[in-house]
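Which chain is which? The protein sequence lines are C and R, in order.
Counting from 1, position 31 in the first sequence corresponds to residue 30 in numbering that gives the first Met the number 0; the numbering is continuous, with no gaps.
Counting from 1, position 52 in the second sequence corresponds to residue 51 in numbering that gives the first Met the number 0; the numbering is continuous, with no gaps.
Glycine included, every Cβ here is placed at the ideal spot set by N, Cα and C.
Only a predicted model underlies this, so the values are computations on that prediction, with no experimental measurement involved.
Scroll down for the structure; my scribbles are underneath it.
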Amino acid sequence: MVTETEYISFVTRLKDTVFRLARSILTDSHLAEDVTQDVFARVWLQRESILHSQHPRAYTCRIAHNLAIDKLRHRERERSLTLEPRGAEHSDGDADTSTTDMAALTKRFISALPDKQRIAIHLRDVEGYEIEEIAQILETDEASVRVNISRARKRIKEQLLNALNYGLGES
Amino acid sequence: MDWERVKILHDRYLKAETSLDEERELYTLLSTAESLPRELQATKTMLEALHSIAQDRCDLTIRHQEPRRRSISLRRIASIAASVVVVAGITLAMLLTPIESEVTEPMIVCHINGTMVDDQLIAQAEVQRILGGVSKNMHTAKERIDNITRITSNKQL
């Protein structure tokens, strides 16, 4: 029987992870907060099965991933109906958008990655998940996860090298 | 700085072959290096950016679930109360409705020496036996009353 205290402790431990994962998919902090709320509402409803599962963290992240993807599709549909130009979602509340800041530039390169690569590198390099766990969350195999992470890392590194070669980072 | 080690880790990192410990080791090695070739500088920048993203916190206040649970339980209580009212209504309606003339065979149940019997013939036989006994006892009682009456009238004479 999962107590309220156990649930709150679980939420406290995982809320930042879920939020960041949702934001890496949606590139929008407000939508990511909505998804985070929804995720933990679901966790509460299924608390017995989730918190007593073998990988409660991976289970929760899979819910977050699926909800964020649903939200992303919903937003794409709305955008196609309103003819809103794509790319508006990248104008998130992050203040550090200066191109002279290499860290900010790297963040922009990451947010411009294809979805699979962005999510995979986020789960690995930001959240520190094992490849096996990422495969569980994304419902794919470990080889695909490694390929996506490798492509993402090489791509970002290449873009950063270009920026360094053009002197963008030498401020 | 063990450049050979850095190079191995860096190559494996880009191929996503490193373990989490090896990635932490690479991050530490690159962070502490005073000067780096451009290739490694790019990777260091990437790792630092990823590390700073990891520091981002969700300022979301997770709503306490109690109000939600309370509303659910109130809803449950309301639905249970409604169900009870419906069941009571149906029961009352059934009790007040006159029974149709269609009579089903009544089930005869009796207890014989503490044993429940639902066989009609056995029950009838038992009833007859008991009534016979009662009749016999009444006959005997009548005889005794008659005797007492006779004796009493003789004494008065």
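Below-7 Å beta-carbon distance, serine 78 of chain R vs any chain C residue: So, not an interface residue.
N-terminal and C-terminal residue of the alpha helix (DSSP H) that valine 125 of chain C is part of: From DSSP, valine 125 of chain C is part of no alpha helix (DSSP H); its letter is neither H nor E.
Chain R within 7 Å of serine 110 of chain C, Cβ atoms only: The beta-carbon of serine 110 of chain C is placed no less than 7 Å from the nearest beta-carbon of chain R.
Chain R contacts from the region 99 to 132 of chain C (Cβ-Cβ distance under 9 Å): Taking 9 Å as the upper bound on Cβ-Cβ separation, chain R lies near residues Met101, Ala102, Ala103, Leu104, Thr105, Lys106, Phe108, Ile109, Ala119, Ile120, His121, Arg123, Asp124, Val125, Glu126, Gly127, Tyr128, Glu129, Ile130 of the region 99 to 132 of chain C.
Inter-stretch contact at 8 Å, needing at least 3 Cβ pairs: the region 100 to 114 of chain C / the region 131 to 144 of chain C: Segments in contact, no.
N-terminal and C-terminal residue of the alpha helix (DSSP H) that valine 144 of chain C is part of: Taken as a continuous stretch (DSSP letters only), the alpha helix (DSSP H) holding valine 144 of chain C covers 141 to 164.
Residues bridged to isoleucine 111 of chain R [DSSP beta-bridge criterion]: Beta-bridge pairing links isoleucine 111 of chain R to R:Thr114.
Closer than 7 Å to chain C by CB, isoleucine 52 of chain R: Under the 7 Å criterion on CB atoms, isoleucine 52 of chain R is classed as interfacial with respect to chain C.
Presumed contact (8 Å Cβ cut-off) between methionine 45 of chain R and isoleucine 148 of chain C, rounded CB distance: About 12 Å separates the beta carbons of methionine 45 of chain R and isoleucine 148 of chain C, which is beyond the 8 Å limit, so they are not a contact pair.
Three-state class that DSSP yields for methionine 0 of chain C in the structure shown: Residue state, collapsed to three classes: coil.
Cβ of leucine 39 of chain R within 7 Å of any chain C Cβ: Taking Cβ atoms only, chain C never reaches closer than 7 Å to leucine 39 of chain R, which makes this a no.
Ranges of the alpha helix (DSSP H) found wholly within the region 6 to 59 of chain R, counting only runs of at least 4: Note on the region 6 to 59 of chain R: whole alpha helix (DSSP H) runs with a minimum of 4 residues are 19 to 31, 37 to 54, in chain order.
With 16 other Cβ atoms within 10 Å as the buried cut-off, status of leucine 91 of chain R: Taking all protein chains shown into account, leucine 91 of chain R has fewer than 16 neighbouring C-beta atoms within 10 Å of its C-beta and is therefore exposed.
Inter-residue Cα distance where the pair is threonine 99 of chain C and threonine 26 of chain C: Interpretation of threonine 99 of chain C is limited by its pLDDT of 47, a score under 50 that renders its predicted location unreliable; the figure taken from the coordinates is listed afterwards. Taken atom to atom, the span from the alpha-carbon of threonine 99 of chain C to that of threonine 26 of chain C is near 21 Å.
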